[in-house]
Amino acid sequence: MIALISFFTVIYLLIVTLLYFNQEKLIFPATKLSKQYEFNYGSTFEELYIPVEEDVKLNGLLFKAENSKGLIFYLHGNGGCLDTWGDIAATYTDLGYDIFILDYRGYGKSGGNIESENQFFEDVKKSYAELLKRYTEDNVIIMGYSIGTGSAAMLSSLNNPKLLILKAPYYNLSNVIDGRVPFMPEFLRKYKFETHKFLENVNCPVYVFHGTKDKIIPYSNSEKLKEEFPDKIELTTLKCTDHLINGNIKAYREKLAEILD
Numbered sequence: 001m002i003a004l005i006s007f008f009t010v011i012y013l014l015i016v017t018l019l020y021f022n023q024e025k026l027i028f029p030a031t032k033l034s035k036q037y038e039f040n041y042g043s044t045f046e047e048l049y050i051p052v053e054e055d056v057k058l059n060g061l062l063f064k065a066e067n068s069k070g071l072i073f074y075l076h077g078n079g080g081c082l083d084t085w086g087d088i089a090a091t092y093t094d095l096g097y098d099i100f101i102l103d104y105r106g107y108g109k110s111g112g113n114i115e116s117e118n119q120f121f122e123d124v125k126k127s128y129a130e131l132l133k134r135y136t137e138d139n140v141i142i143m144g145y146s147i148g149t150g151s152a153a154m155l156s157s158l159n160n161p162k163l164l165i166l167k168a169p170y171y172n173l174s175n176v177i178d179g180r181v182p183f184m185p186e187f188l189r190k191y192k193f194e195t196h197k198f199l200e201n202v203n204c205p206v207y208v209f210h211g212t213k214d215k216i217i218p219y220s221n222s223e224k225l226k227e228e229f230p231d232k233i234e235l236t237t238l239k240c241t242d243h244l245i246n247g248n249i250k251a252y253r254e255k256l257a258e259i260l261d
């Protein structure tokens, strides 16, 4: 019996060790592009490189609207990179907003590798500061989708954007991890992304969109956020919608047009 317990203890420790040292690969499965890759989109855009560290620059695309009302600073999900994320731009430029989409470290043509939560947040803050050289903040909307919602909330808590829009947010990242690897101790989790704590210090209106059929980040995360911040958050429930929230969803498109009007 003791031998059996020892065996399973060793197996458990081995699994937890592998998870600990592979958190970046699991949370940020980056898609890379060659530095020579040329983006091909039908709309007007500008390719930017933002220095965040010595010898490390992040790549981003700034799509332009006619008669722009301002900027949407967009933090995308953990899958894909700018060769596909640029497809979302028309939804927002058609509503009169420029949109800047950032590729994180190791994604697309961005340099470096993600190594810690603090580094990730610092990159986002530096990128936002760079865009504020072009736009006045009272015309800037911060938007995060999926993994990007935590950093969008963080960024909004430290700045004064016009609005914060969260699509398929998590209450905190540990809440999501618990649903997948509940046996991993909290103290070994390098990425907390505590959206709920950041929202305490957000002073602008917060709009949340979430699908009831979301199996990646369950809808209950948004319900929990709404319950905690009933007067701060306006929650739009997208019935029969999964994790993917885009301009093809009528309820999302109509509410977005109302918000951005």
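If you read the sequence shown in the UniProt record's numbering, its first letter stands for residue 1, the second for the next number, and so on. Even for Gly, the Cβ is constructed at its ideal location relative to N, Cα and C.
Among the options, which one has its Cα closest to the Cα of residue i?
i, options, result
"ALA65", "GLU137, TYR252 and GLU46", "GLU46"
"LYS215", "GLU254, ASN159 and TYR170", "TYR170"
"ARG134", "GLY247, PHE198, LEU48 and ILE259", "LEU48"
"PRO161", "THR136, ALA168, VAL208 and LYS35", "THR136"
"ASN203", "ASN175, CYS240 and ALA153", "ALA153"
"GLN36", "PHE229, THR93, ALA30 and LYS109", "LYS109"
"ILE233", "ILE249, TYR191, LEU164 and LYS250", "LEU164"
"SER43", "LEU225, LEU61 and ASN118", "LEU61"
"GLY77", "GLU115, THR236 and SER151", "SER151"
Taking DSSP as the reference, what is the three-state secondary structure of residue i?
i, result
"ASN248", "coil"
"PHE8", "Low per-residue confidence applies at PHE8: pLDDT is 44, beneath 50, and the placement is therefore not dependable enough to give any value."
"GLY42", "coil"
"ILE141", "strand"
"LEU131", "helix"
"ILE50", "strand"
"ASN59", "strand"
"ILE72", "strand"
"ALA106", "Sequence check: residue 106 is Gly here, not Ala. DSSP places GLY106 in coil when its eight states are reduced to three."
"ASP123", "helix"
"GLY111", "coil"
"SER151", "helix"
"THR93", "helix"
"ASN78", "coil"
"THR241", "coil"
Identify the continuous beta strand (DSSP E) that holds residue i and give its terminal residues.
i, result
"TYR97", "97–102"
In the DSSP assignment, find the alpha helix (DSSP H) that holds residue i and state where it starts and stops.
i, result
"LEU33", "Taken as a continuous stretch (DSSP letters only), LEU33 belongs to no alpha helix (DSSP H), as it is neither H nor E."
"GLU234", "Unbroken run through GLU234 is the beta strand (DSSP E), 233–238; no alpha helix (DSSP H)."
"ALA65", "ALA65 -> no alpha helix (DSSP H), and no H or E assigned at all."
"ILE27", "23–27"
"ASP83", "82–85"
"THR136", "That residue, THR136, is in no alpha helix (DSSP H); it is neither H nor E in DSSP."
Next item on the list: Can you check the region 153–221 for any alpha helix (DSSP H) of at least 4 residues that lies completely inside it and give the ranges in chain order?
Entry: Complete alpha helix (DSSP H) runs here, min 4: 173–178 and 195–199.
Item checked: Three-pair Cβ contact test at 8 Å for the region 140–147 versus the region 68–79 -> Three or more Cβ pairs drawn from the region 140–147 and the region 68–79 lie within less than 8 Å of each other, which places the two stretches in contact.
Note to self: With three or more C-beta pairs closer than 8 Å as the rule, is the region 234–246 touching the region 189–200?
What the structure shows: In the pairwise beta carbon analysis, the region 189–200 is classified as not touching the region 234–246: fewer than three pairs are separated by under 8 Å.
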